[in-house]
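Residue numbers for the sequence shown follow the working numbering, beginning at 1 and rising by one. Idealized CB from N, CA, C, for every residue including glycine.
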Amino acid sequence: MTESSIKKLASTLLDAITDKDPVVQEQVCSALCSLGEVRPVETLRTCEEYLRQHDKLAHPYRAAVLRAMERVLSSRASELDKDTASTIILLASSEMTKTKDLVWDWQQAASGVLVAVGRQFISKVMEELLRKLHPGTLPHCAVLHTLASLSVANAFGVVPFLPSVLSSLLPVLGMAKQDTVRVAFCSALQRFSEGALEYLANLDRAPDPTVRKDAFATDIFSAYDVLFHQWLQSREAKLRLAVVEALGPMSHLLPSESLEEQLPKLLPGILALYKKHSETFYLSKSLGQILEAAVSVGSRTLETQLDALLAALHSQICVPVESSSPLVMSNQKEVLRCFTVLACSLPDRLLAFLLPRLDTSNERTRVGTLQVVRHVINSAAAQMEDKKPFILSSMRLPLLDTNSKVKRAVVQVISAMAHHGYLEQPGGEVMIEYIVQQCALPPEQEPEKPGPSSKDPKADSVRAVSVRTLYLVSTTVDRMSHVLWPYLLQFLTPVRFTGALTPLCRSLVHLAQKRQEAGADAFLIQYDAHASLPSPYAVTARLLVVSSSPYLGDGRGVAALRLLSVLHPNIHPLLGQHWETTVPLLLGYLDEHTEETLPQEEWEEKLLMFLRDTLAIVSDNAWICQLSLELCRQLPCYDETPQEKNFLYKCIGTTLGAASSKEVVRKHLQELLETARYQEEAEREGLACCFGICAISHLEDTLAQLEDFVRSEVFRKSIGILNIFKDRSENEVEKVKSALILCYGHVAARAPQELVLAKVESDILRNICQHFNTKVLGVKVETKDPALKLCLVQSVCMVSRAICSSTQAGSFHFTRKAELVAQMMEFIRAEPPDSLRTPIRKKAMLTCTYLVSVEPALDEQARADVIRGCLHSVMALLPEPEEEDGGCQKPLYLETLHALEGLLTSLLQRNMTPQGLQIMIEHLSPWIKSPRGHERARALGLSALLLRHFLEQLRVSALVPFHNLGLLVGLFSPRCADLWPATRQEAVDCVYSLLYLQLGYEGFSRDYRDDVAERLLSLKDGLVHPDPTILFHTCHSIGQIIAKRLPPDQLISLLLTMFEALGDPEKNCSRAATVMINCLLQERGGVLQEKVPEIVSVLRSKLQEAQGEHVLPAAQHSMYLLATQHCAAVVSSLLGSPLPLDSHTSMLWRALAVEPRLAAQVLGLLLEKMSRDVPFKESRAFLLGRTPDRVATLLPLSATCALFEVLSTPAAGPAVLELYPQLFVALLLRVSCTVGVQLPRNLQAQERRGASPALAARNLEPCSSAVDTLRAVLLRSGSEDVAQRMDLEGGWELLRTSAGHEEGATRLASGPLSQGHG
């Protein structure tokens, strides 16, 4: 790009700088800077010309151009030629001083240009600035500011000009009356002094190395005199601070004698300002510079001012620091710098002032003093070397302070001491112990309120600071290695340091590794020389037990296992190789889990396996016995942590199991029984686990010790003592008994299988029952303690499981089985039926599950009692509240339900036949039909489980019928429409399993998949939907599947069971039954001819019982479907219904008329039945001479009544027209034949009593019923006019009587009977 194009582009940009939008202005400036980076000279010249040519341009825009020029010059000034530099200097000087008024933005921008150029062309800039200094005239404030900035930016260039500058400025100092001008002078003098000091400090790089402080001393002192004696007295705070800032660096340039002479006035003058200013940073900074100047000249005056100085500085350091205020933080640093200066020159006086203040109880004073002590330990190490004992002893009271701020400060002091050898002094151990104590503090639940800028409040807690300090001191301060090792080991075992275990272990691992690198002699611990250290057995026991809760205390499991691995040479020489391979596997397991996902039992078993392998490798009875002794000693350490104490008991059992000395085993077991805290549930469980694990290797000794303890004086005395306190005795005695019962259970569970059967009844159960059954005066007293009950149940459960798992279980005859089952059922029945508060029923059912598997088998009645009792115990429970107080109960409910499932499955397994399955389902049947939804859901879930189990275990050796299939399918299939979605799903699963059971009994293999049965699974989705239309459509589809797969011989039992479901109180299930019945009749009705009478009879009876309005229409449809396939059988069966016909039977007859062809068939059959038999029979009276009675025969009478019901249906019209002649003739004949005929005696009695409301309201008298039926034929055939005429003329009544019968018949025949008939 050519020079002209650069100029054009720059000019264009400059023209746009006057845009009113500040964003555009900023973009223009950025573009100018970018252009200047590429072509600085052309850009700067263009800017200079623009400002010169646009003299009227407003100052904000001029300032913007000047700032752009400064940014270009800051990186490209070295590329300027002298002419360009001179031009820019002249421009900037002119812009800076164009107005005498203070226009800071504009003047500062011009000053910035001069400073930027001055870094390369200092002489030219200084010449221009000196031209602006006129004798006897106050300089422009911007000139002073520029001179000050240049002194800092280019000290080597400006300092040679300082004498000239000062000679021009000092004479006019007194003329400065305005505070702004005075502030400018102060700033300039401060910067001049700082520049001079920098120059003098770097004479080796200075252009004139001969320059000395004397060259400025006189002028600076003259300025000092004005600033201190005149301006410092101003009321303007800003001016006073400017004076103080200047006096600091100026003090270094004052003549030594003058400084010494001024200090008695200067120091009090500065100190007095602390009371006048809230922002004290500048005061402290200047004071530090003055003190350094005084020390550098060897001032003796300083000592006389020391008390006032220390008091003022101490009060400043005790001001609470707000981290949000940078100036307050900076002030603290400057005050500490002052203390450093004093510590280096007057250490004794300083400590004499500080150390007594550590004894004060005031928080701020103590924290501030500790800060100073820490600082001087670090910054004046040489001067403090011989003061170490005094400083250590002065920490006695601060170590006792409980304030968290004081604690943090103490920890920081100890950290400084560690770096400078204090902790190697006598008394240093106290400091280390203090750090460990703070590491053991519990994590702060509510940390101190953080400041706005603090990152993590917990990171500043006393514990967090102490943990970091301990680790840093252990890992980074080499001189501390021999102090901390092996000293830190003694903090591993005391309970009060438990919270510090993780940081302790981490530090010890690092220290141990460093010692190993130094050689075996440095690493191996000489226990004789360190009597206070815990033994290797104690360390092993402690680290192993705390690893059982691996995520507590910031992951102490990992830290403890790593330390254990590193310490192996100090524990036993044979353990190295095994631990080096095993510990990483344990650590890897922890890495795979979190505190929430870790399976606790599995983790503890891994640790116990680690311990067993360790004991096997050591294989030294003395070592093992010593470890067991140490494990027992540590039991009281875990009274507050039940889980870890429980694991410790397991470790003791494991270690005793590996011991070969029976005396030691018996002795420790006796001590455990004597010292156990029986009131604690976890301890009882832990003690029992210990005995169980020990019994693996020492069964005889373990059982003997349990019996010895019961016979011992200790046990009797404890019982006796407890009996003194009658209110406590019963409960506490039962807690001891609970523990003993548990011990026997765990012994049975853990003992070798080949030995346990011989001991079960003779030793174990005898003692369990002896402890449980309490007798008073020979009478058994029932215990009220639920814990004792639970322990008994658990122990019997473990005993039963041990028997079942034994290889000799098949030949073992358990004589106490029935007694124990009865006891378990007693416990279950004693539990509240509607709520679940304890795990007793769960444990009792588990026990029964194992017991039923043992010989001898339970008799039928006992089995039934077990099933009924357990079902009632669980089924009747109220439904679980969701997300309420019962949150802890929910797992217990699920476990109890699983226990019930296991028991029922176990009972079914003992009788894996269709009959056995039916027995189980019969017990569930009342719950399946329960009016309570949660009970139905549970029952269906259990049924589905049992059916799945039966199907999975099905082994068919010969083709046999599954004779109760229909009954079971009929029980479950209506539940597919239950109100509870879960019940619907389970019902489908039940039907699915039943169909596959049938296929199994038919000879199909277990892996065979039937396409029709598999459709059931796809239909389950339709059952989720609450829409009744979808629901019942799905039920119809299920009915079709059942119809296709059900054997013919099972059809009637299915139908009969479904008819039972018509009366189900759950209306949805009743409706589903009707849907499925009709589906089955439609699909498979053809094979039911022989069963029609039974079906009709059951259907009639169910109609009388059922309440639902949906049942009758469904039953009518069922009768219609059956009649379309077996019309004659249906008609015959219905004719068997008793007279008079009830309303339900009438409706069934009417259902046969809904379709013309079927109606014609039915009418024809009824005519045949009516005509087949004689209409009446004659019977002579007992007295001679009487005329014989005519009694109607039943079949024609029933057929007449049935005809009336069929003809009453409007849909029968076409059939009536088709059969009109036959109907008319037959019925007219029937009327004629039954005139004067009586009802049978049994029906006469019913007529006299009056029909029940359910019966049809019609006259049953033979002739009248025939007349009514004939009239119905006329009405249904279209001859309403004839029927009406007969009504009006009384023709029907004439037909009913002997006297008027002929007349009635004549009237009937006299008119057209219907269109087309005559």
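Contact set for residue i: own chain, Cβ-Cβ below 8 Å, skip 5 residues either direction
i: residue 836; result: 877, 889, 892, 893, 896
i: residue 1204; result: 1258, 1265, 1268, 1269, 1272
i: residue 67; result: 29, 109, 112
i: residue 1120; result: 1151, 1152, 1154, 1155, 1158
i: residue 445; result: Legend: pLDDT at residue 445 = 49, less than 50; position of this residue unreliable, value from coordinates given subsequently. Nothing meets the Cβ criterion.
i: residue 13; result: 28, 31, 32, 35
Boundaries (first-last residue) of the alpha helix (DSSP H) holding residue i
i: residue 827; result: 817-830
i: residue 1127; result: 1127-1135
i: residue 231; result: Note, residue 231: premise wrong, no alpha helix (DSSP H); not H, not E.
i: residue 558; result: 552-566
i: residue 664; result: 662-675
i: residue 934; result: 933-952
Cβ neighbours of residue i in the same chain (closer than 6 Å, five flanking residues each side left out)
i: residue 572; result: 618
i: residue 92; result: 110, 113, 114
i: residue 1062; result: 1070, 1073, 1102, 1106, 1111
i: residue 964; result: 914, 918
Residue from the options whose Cα sits closest to the Cα of residue i
i: residue 225; options: 186, 201, 1003; result: 186
i: residue 506; options: 490, 487, 475, 173; result: 475
i: residue 239; options: 736, 180, 1004; result: 180
i: residue 266; options: 291, 281, 790, 282; result: 291
i: residue 1034; options: 1064, 912, 1075; result: 1075
i: residue 1270; options: 1222, 1303, 1297, 1298; result: 1222
i: residue 990; options: 828, 263, 974, 1121; result: 974
i: residue 636; options: 516, 585, 542, 1230; result: 542
i: residue 742; options: 752, 951, 772, 754; result: 772
i: residue 854; options: 54, 815, 1308; result: 815
i: residue 1001; options: 939, 1031, 912, 1066; result: 912
i: residue 818; options: 863, 701, 841, 360; result: 863
i: residue 63; options: 498, 98, 1099; result: 98
i: residue 532; options: 550, 485, 563; result: 485
i: residue 508; options: 1148, 288, 49, 567; result: 567
i: residue 870; options: 899, 1029, 1178; result: 899
For residue i, the first and last residue of its enclosing beta strand (DSSP E)
i: residue 1176; result: 1176-1179
i: residue 1190; result: 1189-1192
Same chain, Cβ closer than 7 Å to residue i, five either side skipped, listed in chain order
i: residue 176; result: 138, 182, 185
i: residue 375; result: 336, 339, 340
i: residue 693; result: 650, 653, 654, 657, 750
i: residue 1096; result: 1130, 1133, 1134
i: residue 514; result: 481
Contact test: residue i Cβ vs the ligand GTP heavy atom, cutoff 7 Å
i: residue 34; result: Because no ligand of any kind appears in the structure shown, any question about the ligand GTP cannot be addressed here.
**Request:** Report yes or no: do the segment 1036-1056 and the segment 1084-1100 share at least 3 C-beta pairs separated by less than 8 Å?
**Result:** yes
**Asked** If you pair each beta-carbon of the segment 1157-1165 with each one of the segment 1208-1217, do three or more pairs fall below 8 Å?
**Response** yes
**Message:** Is it the case that the segment 1013-1026 contacts the segment 928-943, given that we only count it when at least three CB pairs across the two stretches are under 8 Å?
**Reply:** no
**Prompt:** Which ranges does the alpha helix (DSSP H) cover as unbroken runs of at least 4 residues, wholly within the segment 345-408, from first to last along the chain?
**Reply:** Taking 4 residues as the shortest admissible run, the segment 345-408 contains the following complete alpha helix (DSSP H) segments, listed from N- to C-terminal end: 347-354, 363-379, 381-384, 388-393.
**Item:** contact_flag[the segment 212-223, the segment 266-284] where n(CB pairs < 8 Å) is 3 or more
**Value:** The segment 212-223 is not in contact with the segment 266-284.
**Item:** Start-end ranges of the alpha helix (DSSP H) lying completely within the segment 974-1046, minimum 4 residues
**Value:** Contiguous alpha helix (DSSP H) elements confined to the segment 974-1046 occur at 981-1001, 1011-1024, 1028-1045, taking only those with 4 or more residues.
**Request:** Could you tell me whether the segment 1134-1142 touches the segment 1172-1180, using the rule of 3 or more Cβ pairs below 8 Å?
**Result:** no
**Unbroken stretches of the alpha helix (DSSP H), 4 residues or longer, contained in the segment 573-607** = 576-591
**At least three beta-carbon pairs within less than 8 Å, the segment 115-127 to the segment 75-83** = yes
**Prompt:** Which parts of the segment 749-813 are runs of the alpha helix (DSSP H), unbroken and 4 residues or longer, counting only runs that do not cross its ends?
**Reply:** Whole alpha helix (DSSP H) segments, 4+ residues: 753-759, 766-772, 786-805.
**Asked** What are the complete alpha helix (DSSP H) segments, minimum 4 residues, inside the segment 418-500?
**Response** 428-439, 462-476, 481-484
**Message:** Three Cβ pairs or more, each shorter than 8 Å: is that satisfied between the segment 822-833 and the segment 800-813?
**Reply:** no
**Asked** Taking contact to mean at least 3 C-beta pairs separated by less than 8 Å, is the segment 547-554 in contact with the segment 592-606?
**Response** yes
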